[in-house]
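Below: one structure, written as structure tokens.
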Amino acid sequence: MPSTVTSLTARRSSMTVEDALASIHAGAISEYLAAALVGSKAGMRAVRSRAHALDIAHPGGPSLVDQLDALRTQAAA
Numbered sequence: 005m006p007s008t009v010t011s012l013t014a015r016r017s018s019m020t021v022e023d024a025l026a027s028i029h030a031g032a033i034s035e036y037l038a039a040a041l042v043g044s045k046a047g048m049r050a051v052r053s054r055a056h057a058l059d060i061a062h063p064g065g066p067s068l069v070d071q072l073d074a075l076r077t078q079a080a081a
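For our numbering, add 4 to where a residue sits in the sequence shown, where the first one is 1.
This is the structure:
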């Protein structure tokens, strides 16, 4: 029985981390789009730099840098 409780706690904790990362990704994308909207290349570079650090720290999920590059490509088209 304790293993089930531990398993449920770990699963709940893992979901919290995933939710937090999703929120961070959404915030970074919003910041990137805001910087692009006002034409702040420095702001866009800063967000991309933080995104790269996040991708290194949390591998295995969708790459935030790739998502930002896709947004830039779509905007240029």
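Where is the CB? At the ideal position from N, CA and C, for every residue including glycine. For clarity, every value in this text was computed on a predicted model and none was experimentally measured.
Quick one: measure Cβ to Cβ for residue i and residue j, integer angstroms, because I've assumed they're closer than 8 Å.
| i | j | result |
| --- | --- | --- |
| LEU25 | GLY64 | Actually they do not touch by this definition, with Cβ atoms about 10 Å apart. |
| ALA57 | ALA32 | So it is not a contact: roughly 11 Å between Cβ atoms. |
Could you pull out every residue in the same chain whose Cβ sits closer than 6 Å to the Cβ of residue i, ignoring the five residues on either side in sequence?
| i | result |
| --- | --- |
| HIS29 | LEU68 |
With a threshold of 7 Å on Cβ separation, who are the neighbours of residue i within its own chain once the five nearest residues in sequence on each side are excluded?
| i | result |
| --- | --- |
| MET5 | With a pLDDT of 45 at MET5, under the threshold of 50, the predicted position of this residue should be treated as unreliable, though the coordinate-derived value follows. Same-chain partners within the cutoff: there are none. |
| ALA40 | MET48, ALA79 |
For residue i, which residues in the same chain have their Cβ closer than 8 Å to its Cβ, ignoring the five residues on either side in sequence?
| i | result |
| --- | --- |
| GLU35 | GLY47, VAL51 |
Review point. Where in the region 35-70 do unbroken runs of the alpha helix (DSSP H), each at least 4 residues long, occur, reported from the N-terminal end onward?
Key: Here the runs fully enclosed are 45-61.
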